[in-house]
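Each remark here refers to the structure printed beneath this line.
Residue numbers (the working numbering): 38 to 159.
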């Protein structure tokens with residue numbers, strides 16, 4: 038059995054230049070906010086670590102504030118200070134330390150992204 042192929046056209050395969058351009062634009066639009074958010078995520082992890090250390094080392098609110106500020110100086114934390122921490126204590130022992138703050142990240146011209154971070158160390 039013979040199949041005739043003379044009249045059949047083969048379809049093109051692959052991506053067009055226009056399709057590639059649209060794909061790159063979509064990729065950049067999605068990746069840029071993530072790349073710009075990475076430093077604030079790293080700072081959030083440093084804050085969580087500093088709050089945990091301050092809670093473990095202190096017995097009073099003043100000691101927590103002081104210990105956090107010392108660790109914040111070492112870790113270059115600028116988004117929050119020791120005075121902004123909410124310390125729950127009961128008669129000489131720290132029950133929990135809570136923090137919350139917002140970080141604004143500029144994206145494109147007048148467009149920016151606001152991330153609210155919060156955490157509690159018990």
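For each residue, glycine too, the CB sits at the ideal point set by N, CA and C. Being a predicted model, the structure only gives us computed values, none of them experimental.
- The three-state secondary structure of residue 118, taken from DSSP, is coil.
- Where residue 110 is concerned, the enclosing alpha helix (DSSP H) starts and stops at 98-112.
- No Cβ-Cβ contact shorter than 8 Å links residue 145 with residue 121.
- When beta bridges are read from the DSSP output, residue 80 appears opposite no residue.
- In this structure, DSSP gives residue 95 a state outside helix and strand, which the three-state scheme calls coil.
- With at least 16 other beta carbons inside 10 angstroms of its own, residue 92 counts as buried.
- Straight-line measurement puts the Cα of residue 75 at about 25 Å from the Cα of residue 134.
- In the DSSP annotation of this structure, the continuous segment of the beta strand (DSSP E) that includes residue 123 starts and ends at 123-127.
- Going by beta carbons, residue 80 and residue 111 fall outside the 8 Å limit.
- Taking a C-beta distance under 8 Å as the contact criterion, residue 130 and residue 119 do not qualify as a contact pair.
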